[in-house]
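Student: What follows is a single structure, and I will ask about it in a moment.
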Amino acid sequence: MPTAIPPAERLLNLVIALVNTPGRMTKEQVRSSVAGYQDAASTEAFERMFERDKDTLRELGIPVLTVTHAGHGDDVGYRIDTERWSLPPLELTAAELGVLALAAQLWQDQSLRADSSRALTKLRAVGHAPEASDLVAGLAPRVRAGGDAFAPLVDAVQARQAVRFTYHAATTGEVLVRHVEPWKLLARRGGWVLLARDRDRGASRSFRLSRIRGPVRAVGEPGAFPPPTPEELAEASRMWAGDGPERTALLAVTPDRAGAVRARGTEPPADVVLPAGADAVLAGRDLVAVPFRLGWELAEELVGYGDAVVVLEPADVRDEVVRLLRVASELDRPAGERAADVRAGGPADAWATAEQEVRGA
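In this text, residue positions in the sequence shown follow the numbering used here: the first is 114, and each later residue adds one.
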């Protein structure tokens, strides 16, 4: 016995048929040629199914027209008014395409990369590709991939299905199995964060995907828990809400380089005090003041410009840029031969974390 076609698929088949019909389709033609209507047990069942589907499409804003034959008033057919329903020709400016290209770069997990790449290729076909890449140079999103945990958690959030996974806690160092009701995924501080209700602790919690060890496994049936309240989401995301006060970085920038950084720049204060040796660094370079909140985020952006951008102030951003450049210089060397000063000064996994930052993993 053939498998019955789901209602959503039947509706899509009907839309495709009514959009592409050269004139109109009668009920008999719909029943005989549109997949899904052959399942009707009788003519009366087909009539109810077809009328219900027409009403659904109209409620969705799809203009299904009733067309009567000029010479036969009882000869009724149907079609979709494509002039009212079709989108106008898509025209993207270089800036708009640049923003979309920037957004597509966020989805670099293997499970999502193909879809985002295909979508961007189609958009470039109707936009202004040559200038778009220049506009977003140096502005790639600073969010590392979510790894193997990302796709199953997206599915679990959408299905409201509980999951379990092994988690390495940052505060205690404990590695424990967590049973959670996933609520939402956030991009925060260079990585992905899961907001969820921890069943074992009976409270809302947040989990960095980079600290999930091994596979994420679904538990129970979909729809097993209610959506979170705004108060629950606010509590779970509280520690990720603030990015710190705004500060200003003083940069020495090579002429005609780092356009994205220059675009965000402000006029340096008239009473600015430069660090010792700044005059020599600024020879042949421009002084640019850039506001920022997260020092590591600015450092990860600036390190990509190499010697075209030199950080004069603040010291913590300059030190982070230097650290990342040292990591980059050691990437081609075996782990045992890497410089001790690059590995020192942090937790046991500091090298792996820094290497991910440089590689953009």
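Quick reminder that beta carbons are idealized off the backbone N, C-alpha and C, glycines included.
What's the C-alpha gap between R277 and T285?
Tutor: Each residue's Cα considered, the two are about 19 Å apart.
Student: Under a Cβ-count criterion, where at least 16 other Cβ atoms within 10 Å of its own Cβ denotes burial, should I129 be classed as buried or exposed?
Tutor: The residue in question, I129, is exposed, as its Cβ has fewer than 16 Cβ neighbours within 10 Å.
Student: Counting C-beta neighbours from all protein chains within 10 Å, is the total for A309 16 or more, i.e. buried, or is it exposed?
Tutor: Under this definition A309 is a buried residue.
Student: Is the region 310-327 close to the region 289-298, with three or more CB pairs under 8 Å?
Tutor: Yes, the region 310-327 is in contact with the region 289-298.
Student: Can you tell me whether I193 is helix, strand or coil according to DSSP?
Tutor: I193: strand per DSSP, three-state reduction.
Student: May I ask which residues mark the beginning and end of the alpha helix (DSSP H) holding G372?
Tutor: Looking at the DSSP string, the run of the alpha helix (DSSP H) that includes G372 is G372 to R377.
Student: Excluding the 5 residues preceding and the 5 following D399 in the sequence, name in chain order all residues of the same chain whose CB lies nearer than 7 Å to its CB.
Tutor: So the list reads V366 and P368, once near-sequence residues are dropped.
Student: Quick check on this structure: which residue in V386, V374 and A393 has the alpha carbon closest to the alpha carbon of E410?
Tutor: Considering only alpha carbons, the answer is V374.
Student: For L501 and S319, I'd like the C-alpha separation in whole angstroms.
Tutor: Only positions 114 to 474 of the chain appear in this structure, which leaves residue 501 out of reach.
Student: If you follow the beta strand (DSSP E) that P343 is part of, which residue opens it and which one closes it?
Tutor: Segment P343 to A349 is the alpha helix (DSSP H) holding P343; no beta strand (DSSP E) there.
Student: For P202, which beta-bridge partners are listed by DSSP?
Tutor: Its beta-bridge partners do not exist; DSSP assigns none.
Student: From A441 to V434, what distance separates their C-alpha atoms?
Tutor: When rounded, the distance between both Cα atoms is 11 Å.
Student: Mind checking V424: buried by the 16 CB within 10 Å criterion, or exposed?
Tutor: V424 is buried by the Cβ-count criterion.
Student: For the candidate residues E345, D268 and D420, whose alpha-carbon lies nearest to that of L395?
Tutor: The option with the nearest alpha carbon to L395 is D420.
Student: Looking at the unbroken beta strand (DSSP E) that takes in P404, where does it start and where does it end?
Tutor: D399 to F405 is the extent of the beta strand (DSSP E) around P404.
Student: R431: which of A391, E443 and G397 sits nearest, CA to CA?
Tutor: For R431, the nearest C-alpha among the options comes from A391.
Student: By how many angstroms is the C-alpha of L170 removed from the C-alpha of L299?
Tutor: Whole-angstrom Cα-Cα distance: 34 Å.
Student: If you reduce the DSSP assignment to three classes, tell me which class D311 lands in.
Tutor: DSSP places D311 in strand when its eight states are reduced to three.
Student: Residues bridged to A412 by DSSP?
Tutor: Paired residues: none, contrary to the question.
Student: Rounding to the nearest angstrom, what Cα-Cα distance links A275 and E348 in this structure?
Tutor: Their backbone Cα atoms lie some 19 Å apart in a straight line.
Student: How many Å lie between R273 and E380 at the Cα?
Tutor: Their Cα atoms are separated by approximately 49 Å.
Student: Near V180, which residues of its chain fall below 8 Å by C-beta distance, leaving aside the five closest residues on each side in sequence?
Tutor: Result list for V180: G136, R137, V189, G190, Y191 and R192, in chain order.
Student: Less than 7 Å between C-beta atoms, sequence neighbours within five positions excluded: which residues of the same chain meet that for V329?
Tutor: Around V329: A262, P265, L266, V276 and F278.
Student: What does DSSP give as the partner residue(s) for E294 in the beta ladder?
Tutor: Partner(s): R310.
Student: Taking DSSP's pairing of strands, which residues face F320 in a bridge?
Tutor: For F320, which the question treats as bridged, DSSP gives the partners L307.
Student: What would DSSP say about P427, mapped onto helix, strand or coil?
Tutor: The answer is coil: DSSP assigns P427 none of H, G, I, E or B.
Student: Starting from A65, follow its DSSP beta bridges and name the residues at the other end.
Tutor: Residue 65 is absent from the model: the chain starts at 114 and stops at 474.
Student: Just verifying my parser: in three-state terms, what is the DSSP assignment at T367?
Tutor: In this structure, T367 counts as coil in the three-state DSSP scheme.
Student: Q156 lies in the alpha helix (DSSP H); which residues open and close that run?
Tutor: Gln is not the amino acid found at residue 156; the sequence shown has Thr there. Per DSSP, T156 belongs to the alpha helix (DSSP H) from T156 to E172.
Student: Going along the chain, which residues of its own chain have a beta-carbon closer than 7 Å to the beta-carbon of M162, five neighbours each way excluded?
Tutor: Counting only Cβ-Cβ distances below 7 Å, and skipping sequence neighbours, we find Y150 and A153.
Student: Can you give the Cα-Cα distance for R144 and W198, rounded to whole angstroms?
Tutor: One C-alpha to the other measures close to 24 Å.
Student: Report the option in P295, P427, V416 and V147 whose CA atom is closest to the CA atom of R439.
Tutor: Taking only the C-alpha atoms, the option nearest R439 is V416.
Student: Use the C-beta contact count for P341: other C-beta atoms within 10 angstroms, 16 or more gives buried, fewer gives exposed.
Tutor: So P341 ends up on the buried side.
Student: Whose C-beta lies closer than 7 Å to the C-beta of L248 among residues of the same chain, with five residues either side of it excluded?
Tutor: Caution applies to L248, whose pLDDT of 48 falls short of 50 and renders its modelled position unreliable; the model cannot decide the point.
Student: So, R123 versus D168, is the Cβ gap smaller than 8 Å?
Tutor: Contact: no.
Student: Could you tell me whether the Cβ atoms of I118 and A158 are closer together than 8 Å?
Tutor: No. Outside cutoff.
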